[in-house]
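J.: Submitted below is the structure of interest, expressed as structure tokens.
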Amino acid sequence: QVQLVESGGGLVQPGGSLRLSCTASSSIFNFNSLYMGWYRQAPGKERELVARITNSGITSYAGSVKGRFTISRDTAKNTVYLQMNSLKPDDTAVYYCNAKFGIEYFGKGTLVTVSS
């Protein structure tokens with residue numbers, strides 16, 4: 386079992402930036418063994434993978450966010466971050482933290498709204 390708590394969402398103007406944080410806790414898994422990621426779900430759309438970082442620090446991104454978003458992890462804090470720059474209205478969604486070790490776990494989500 387893995388518990389994930391996201392923070393950092395909010396309202397931002399187009400072109401602005403936000404940083405999302407997700408802190409993981411588990412009585413079973415060591416954070417260093419988990420693949421971590423961020424998904425998002427916009428209204429009326431399916432949940433999609435935005436970014437992932439492996440337990441060795443290898444990152445991958447959806448094409449729509451590549452070059453604008455950066456995922457990182459701090460093993461000392463059991464935390465994964467998503468730095469989002471040059472935000473667009475199409476980035477508006479609920480963002481979910483994800484942990485994977487065979488089984489996948491999701492947080493409750495944090496809302497990001499990009500609007501003027």
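Per my numbering, the sequence shown starts with residue 386, numbered consecutively. Just so it is clear, CB atoms sit at the ideal spot from N, CA and C, and this is done for glycine as well.
Using CA atoms only, rank isn't needed, just tell me which of 396, 388 and 389 is closest to residue 474.
T.: Among 396, 388 and 389, the Cα nearest to that of residue 474 belongs to 396.
J.: In this structure, does DSSP put residue 418 in helix, strand or coil?
T.: Note: residue 418 maps to helix in three-state DSSP.
J.: When you compare only the Cα positions, how much space is there between residue 485 and residue 399?
T.: Taking the straight line from one Cα to the other gives about 32 Å.
J.: Tell me, please, whether the region 408–416 touches the region 429–436 by the rule of three or more beta-carbon pairs shorter than 8 Å.
T.: With a cut-off of 8 Å, the region 429–436 and the region 408–416 do not count as touching, because too few Cβ pairs lie within range.
J.: Please return the same chain residues whose Cβ sits closer than 6 Å to the Cβ of residue 456, not counting the five positions on each side in sequence.
T.: Only 436, 438, 444 and 467 meet the Cβ criterion.
J.: With a threshold of 7 Å on Cβ separation, who are the neighbours of residue 440 within its own chain once the five nearest residues in sequence on each side are excluded?
T.: The answer, listed in chain order, is 417, 418, 419 and 420.
J.: Among the residues of its own chain, which have a CB less than 6 Å from the CB of residue 394, if the five just before and after it don't count?
T.: Closer than 6 Å at the Cβ level, and outside the excluded window around residue 394, lie 495, 496 and 497.
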